[in-house]
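**Student:**
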Amino acid sequence: MLVDSHCHLDFPDFAEELDAVVDRARQAGVGRMVTICTYISRFDRILAVAERYDDILCSVGVHPHQAQEEFAITTTETLVELSRHPKVIGLGETGLDYFYDKSPRDQQQECFRRHIRASLETGLPLIIHTRDADADTMRIVKEEAAGQTVKGLLHCFSSGRALAEEAVDYGFSLSLSGIVTFKKSEDLRAIVKDVPIDRILVETDAPYLAPIPFRGKRNEPAYVAHTAACVAEVKGVSAEELARVTTDNFFRLFDKAAQGKAAA
């Protein structure tokens with residue numbers, strides 16, 4: 001079984017054929033999908049998708065691009081309250097994006113801090129987006145944690161070795177997207193080779209970042225199998241072993257999902 005730990009199934013890209021998309025994922029061996037919240041104001045849409053399918057879970061949070069637009073309503077209290085739903089297994093995606101800077105950096109940082117506080121209160125892991133903000137990302141996590149344990153992962157990891165090492169040393173996991181399959185991603189594959197396999201998850205970030213051989217097309221959860229095959233090759237293990245380990249890693253990190261699995 002594979003897990004697509006990060007996709008956006010509420011996006012209009014999938015509206016016309018969501019049942020077919022989910023069915024193709026199942027046929028490809030994807031046993032769980034996590035549809036990720038980017039606007040807290042649209043959380044009901046994300047939750048509706050998760051409630052429609054037994055094998056889809058979700059998160060609650062605000063993407064750094066939307067930090068300014070959603071700033072007033074993104075409180076720690078709201079995040080905690082919405083995260084009580086049984087289908088919500090993580091907080092995010094949250095973090096910092098200094099590449100596009102679609103929201104002021106001070107608001108991105110404060111919004112990120114609110115998610116970290118919610119994580120500390122609930123015990124749910126953070127789903128972190130970071131781009132061109134490596135130093136501030138881990139600095140803010142450590143400041144807010146203040147010696148406490150924060151669980152989380154860096155989603156769609158494509159940053160440098162220093163951030164990978166710092167994040168893993170801190171206890172975070174790295175989730176790998178179709179980027180790892182791209183021809184230009186030699187440096188990323190070199191980093192992945194050295195990351196402990198028990199800290200690796202796989203994802204699509206669908207509808208974005210389709211892996212080879214689908215690059216340039218709309219991504220979908222079924223394609224996580226291609227990303228996983230590439231990671232397996234980099235790590236020198238079989239595709240079956242990579243699927244087993246990354247699925248175990250997912251349920252260990254997102255232990256609320258594991259509780260639901262046991263209950264089912």
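Residue 192 in full-length UniProt numbering sits at position 192 of the sequence shown, with consecutive numbering throughout. C-beta atoms are modelled at their ideal positions from N, C-alpha and C, and glycine is treated no differently.
#1: Taking just the CA atoms, how far does Thr246 sit from Ser59?
#2: Roughly how far, in whole angstroms, is the beta-carbon of Ala206 from the beta-carbon of Cys7, given that I think they are within contact range, below 8 Å?
#3: Quick check on this structure: which residue in Cys230, Tyr170 and Ser175 has the alpha carbon closest to the alpha carbon of Lys183?
#4: Between the C-alpha atoms of Val62 and Arg131, what's the straight-line distance to the nearest angstrom?
#5: For Pro12 and Val49, I'd like the C-alpha separation in whole angstroms.
#6: Which term fits Ala264, buried or exposed, when burial requires 16 or more other beta carbons within 10 angstroms of its beta carbon?
#7: When burial is assigned at 16 or more other CB atoms within 10 Å of the CB, is Glu203 buried or exposed?
#8: Please go through the same chain and pick out, in chain order, the residues whose beta-carbon is closer than 8 Å to the beta-carbon of Leu91, but skip the five residues on each side of it.
#9: Output the distance between the C-alpha atoms of Ala222 and Ala239, rounded to the nearest integer angstrom.
#10: Could you tell me whether the region 63-70 touches the region 21-39, using the rule of 3 or more Cβ pairs below 8 Å?
#11: Suppose you measure from the CA of Lys134 to the CA of Tyr170; what does that come to, to the nearest Å?
#12: Tell me the DSSP secondary structure of Gly178 in three-state form.
#13: What are the uninterrupted segments assigned as beta strand (DSSP E) that are 3 or more residues long and contained completely in the region 74-122, given in chain order?
#14: Pull up the DSSP beta-bridge partners for Gly152, would you.
#15: Compute the distance between the beta-carbons of Thr227 and Leu176, then report whether it is under 8 Å.
#16: Note down, in chain order, each residue of its chain lying with its Cβ closer than 8 Å to the Cβ of Glu241, except the 5 sequence neighbours on either side.
#17: Spatial neighbours of Thr181 within its chain, please: CB distance less than 7 Å, with the 5 preceding and 5 following residues excluded, ordered by chain position.
**Tutor:** Taking the structure as given:
#1: One-based indexing of the sequence shown puts residue 59 at position 59. One-based indexing of the sequence shown puts residue 246 at position 246. Their backbone Cα atoms lie some 19 Å apart in a straight line.
#2: As a first step, residue 206 must be located in the sequence shown, where it is residue number 206. As a first step, residue 7 must be located in the sequence shown, where it is residue number 7. Right, the Cβ-Cβ distance comes to about 4 Å (below 8 Å), so this counts as a contact.
#3: Counting from 1 along the sequence shown, the entry for residue 183 is found at position 183. Each of Cys230, Tyr170 and Ser175 was checked against the Cα of Lys183, and the nearest Cα belongs to Cys230.
#4: The residue you call residue 62 lines up with position 62 of the sequence shown. The residue you call residue 131 lines up with position 131 of the sequence shown. Put simply, the backbone Cα of Val62 is about 15 Å away from that of Arg131.
#5: On the sequence shown, residue 12 is found 12 positions in, with the first residue counted as 1. On the sequence shown, residue 49 is found 49 positions in, with the first residue counted as 1. Each residue's alpha carbon lies about 12 Å from the other.
#6: Counting from 1 along the sequence shown, the entry for residue 264 is found at position 264. Bear in mind that the predicted position of Ala264 carries a pLDDT of just 39, short of 50, making it unreliable; the figure below should be weighed with that in mind. Counting the other CB atoms within 10 Å of its CB gives Ala264 a total below 16, which places it among the exposed residues.
#7: Taking the first residue of the sequence shown as 1, we reach residue 203 at position 203. Buried.
#8: Counted from its first residue, the sequence shown places residue 91 at position 91. If we look at Leu91 and ignore the five residues flanking it on each side, its Cβ neighbours are Ser59, Val60, Gly61, Leu79, Ser83, His115, Ala118, Ser119, Thr122, Leu124, Pro125, Leu126 and Ile127.
#9: Here residue 222 refers to the residue found at position 222 when the sequence shown is read from its first residue. Here residue 239 refers to the residue found at position 239 when the sequence shown is read from its first residue. Taking the straight line from one Cα to the other gives about 15 Å.
#10: With the cut-off at 8 Å, the region 63-70 and the region 21-39 touch.
#11: Your numbering for residue 134 matches position 134 in the sequence shown. Your numbering for residue 170 matches position 170 in the sequence shown. Looking at the sequence provided, one finds Asp at residue 134 rather than Lys. One C-alpha to the other measures close to 14 Å.
#12: Position 178 of the sequence shown holds residue 178. The answer is helix: DSSP assigns Gly178 an H, G or I state.
#13: Given a length threshold of 3 residues, each whole run of the beta strand (DSSP E) inside the region 74-122 is given here in chain order: 88-97.
#14: Position 152 of the sequence shown, counted from the first residue, corresponds to residue 152. According to DSSP, Gly152 bridges with Leu126.
#15: By one-based count along the sequence shown, residue 227 stands at place 227. By one-based count along the sequence shown, residue 176 stands at place 176. Yes.
#16: As a working note, residue 241 is residue 241 in the sequence shown. Excluding sequence neighbours, Glu241 sits near Ala232.
#17: Locating residue 181 in the sequence shown gives position 181, counting from the first residue. Within the same chain, and ignoring the five residues on either side of Thr181 in sequence, the residues whose Cβ sits closer than 7 Å to its Cβ are Pro211, Ile212, His226, Thr227 and Cys230.
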